[in-house]
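Numbering (the working numbering), first residue to last: 66 to 411.
Below is one structure; the comments refer to it alone.
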């Protein structure tokens with residue numbers, strides 16, 4: 066997302082300005098204190114004194130601080146202390162005064178003029194300031210993402226009725242139920258109850274941030290049951306899912322999976338050729354995988370250009386960032402496969 070990239074850019078701009086100012090201060094001081102020629106030797110010595118802190122900043126900012134963002138506090142503390150100890154330990158071993166004598170400076174100050182523990186303390190404090198800035202910008206990103214997610218959820222609730230349980234689907238289902246009344250009233254009555262349960266889930270349960278997998282499985286099962294009425298025995302439909310006791314323990318955002326299933330029925334059914342829909346759900350540790358395969362009867366562009374798949378991609382970006390996987394396999398001319406892997410909680 067561009068807004069998140071711009072926030073990250075703002076953080077890097079702050080770092081660049083701070084370090085540019087720090088490196089300019091010795092030159093400006095030398096220029097103000099000298100009436101004739103600036104003593105660049107002293108400027109270089111000052112820059113050399115600053116450089117260990119700059120090295121610590123670079124390593125901390127790009128390699129160690131991400132551990133803090135991932136809540137790996139133990140590794141963060143150990144590596145931070147190790148980094149500071151190695152940098153200033155090296156400076157203690159290599160006597161910088163030898164370098165000064167080679168450039169004929171009278172100033173006897175060196176990188177080791179402060180006790181090593183003061184150097185380490187300043188290095189740790191600087192790293193702490195770096196971490197606080199990163200946490201601040203992370204909070205901004207999180208707030209922006211939540212704001213966008215709330216806005217997206219409002220739009221998505223409207224899209225549910227239009228693209229998932231849309232008027233076209235309702236019309237076909239009601240027509241099928243109407244036709245059933247004349248020769249199978251029990252099936253017609255059952256279909257009305259199934260449709261009612263689906264609409265209740267869409268109108269009420271989908272308004273929550275999370276739902277349980279068993280409700281999503283039940284919703285998909287109801288959808289498939291209604292579609293069987295429409296296609297009777299013309300389509301081979303299989304739906305495999307984990308045990309419902311396990312599904313009741315798993316939480317995920319509502320109505321993510323129905324988009325994939327509806328897309329399969331939309332593009333995978335032909336009245337003239339054999340057709341199939343295969344839906345498989347399985348849980349591995351803290352990930353849910355949904356694989357939907359359907360027979361191919363439409364062009365690749367038709368399958369890929371569906372509004373539903375575009376909407377689910379945008380929603381997945383907001384919900385999970387880069388912690389999900391959505392793959393489309395259209396290499397086989399006879400089948401079209403969509404695979405979604407998302408993190409879930411228990």
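Note that the Cβ used here is the ideal one computed from N, Cα and C, for glycine as well.
Check	Outcome
Quick one: what's got a C-beta closer than 6 Å to residue 394's C-beta in the same chain, skipping five residues either side?	402
Can you tell me where the alpha helix (DSSP H) holding residue 151 begins and where it ends?	138-158
Buried or exposed: residue 360, going by 16 or more other Cβ atoms within 10 Å of its Cβ?	buried
Are any of the Cβ atoms in chain C nearer than 9 Å to that of residue 390?	The structure shown contains no chain C, having only a single protein chain.
Could you check whether residue 196 and residue 121 sit closer than 9 Å to each other, using their CB atoms as the reference points?	no
Which residues does DSSP list as the beta-bridge partners of residue 276?	317
Take the Cβ of residue 333 as the centre, count every other Cβ of all protein chains shown within 10 Å, and call the residue buried at 16 or more, exposed below.	buried
Please report the distance separating the alpha-carbon of residue 140 from that of residue 268.	46 Å
Is it buried or exposed, residue 410, if we count other Cβ atoms within 10 angstroms and call 16 or more buried?	exposed
Just to confirm my understanding: we take residue 348, look at its own chain, exclude 5 residues before and 5 after, and list those with CB closer than 6 Å. What are they?	307
Out of 407, 398, 376 and 397, point me to the one whose CA is closest to residue 386's CA.	407
Give me, in chain order, the residues of the same chain whose beta-carbon lies closer than 6 Å to that of residue 314; leave out the 5 immediate sequence neighbours on both sides.	411
Run the CB neighbour count on residue 350, radius 10 Å, all protein chains shown included, and call it buried at 16 or more, exposed below.	exposed
Would you mind giving the Cβ-Cβ distance between residue 87 and residue 115, rounded to the nearest angstrom? I have them listed as a contact below 8 Å.	6 Å
In this structure, does DSSP put residue 310 in helix, strand or coil?	helix
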